[in-house]
């Protein structure tokens, strides 16, 4: 699975999209090369593993990638669960954030909210989010930043 994630980072997330002028995830390749990505294959209950990885998150990593090769849930269900976890993290002032990505497998990203938002602000300054629909920008970027502020983290 680690080779799958490496290929996905290098071939899908890293190339610059000529229509928008940016890579899908401009920070993924560096995190991978710097060995700051932990890959975990989830066997059994996905959310038990995600909860365990959140509880034991190593801040030396940029992110932990939990992969479910045969998810029982739809993308919408996975996203709803991530949003619920993020609300919990915010209410308990934990510097964590989870996101879902689904392709051939379901992937849950676990990362520090402060690092994610800092990177987001850098991208914002260079126009990365200009192609976002206003509702998506509010839902995905500004709401996340608001949760960070409520955590007591400077934004």
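Numbering (the numbering used here), first residue to last: 1 to 155. Where a beta carbon is used, it is the ideal one built from N, C-alpha and C, also for glycine. Nothing here was measured: the structure is a model prediction, and the numbers come from that model.
Spatial distance of residue 71 from residue 42 (CA atoms): 10 Å
Just curious, the alpha helix (DSSP H) that residue 70 is in, first and last residue? Where residue 70 is concerned, there is no enclosing alpha helix (DSSP H), given that its DSSP letter is neither H nor E.
List the residues that DSSP assigns as beta-bridge partners of residue 37. 63
Exposed or buried, which one is residue 1 when buried takes at least 16 other CB atoms within 10 Å? exposed
Could you spell out the range, first to last residue, of the beta strand (DSSP E) harbouring residue 103? Run containing residue 103: none; DSSP gives neither H nor E here.
Quick one, are the C-beta atoms of residue 16 and residue 131 less than 7 Å apart? no
Does residue 64 pass the burial test, meaning 16 or more other C-beta atoms within 10 Å, or should it be called exposed? buried
Less than 7 Å separating the beta-carbons of residue 78 and residue 100? yes
Can you name the residues that DSSP bridges to residue 47? BP columns for residue 47 are empty, so no partner.
With a CB to CB cut of under 8 Å and the five nearest residues on each side skipped, what residues in its chain are close to residue 82? 98, 99, 100 and 108
Per-residue DSSP class, three states only, for residue 111: strand
Flag this pair as yes or no: are the beta carbons of residue 128 and residue 22 separated by less than 7 Å? yes
Keeping to the same chain, check which residues put their C-beta closer than 6 Å to that of residue 147; ignore five residues upstream and five downstream. 90
Are residue 9 and residue 28 close, meaning C-beta to C-beta below 7 Å? yes
Could you check whether residue 113 and residue 54 sit closer than 7 Å to each other, using their CB atoms as the reference points? no
Residue nearest to residue 69 in terms of C-alpha spacing, selected from 33, 152, 39 and 144: 39
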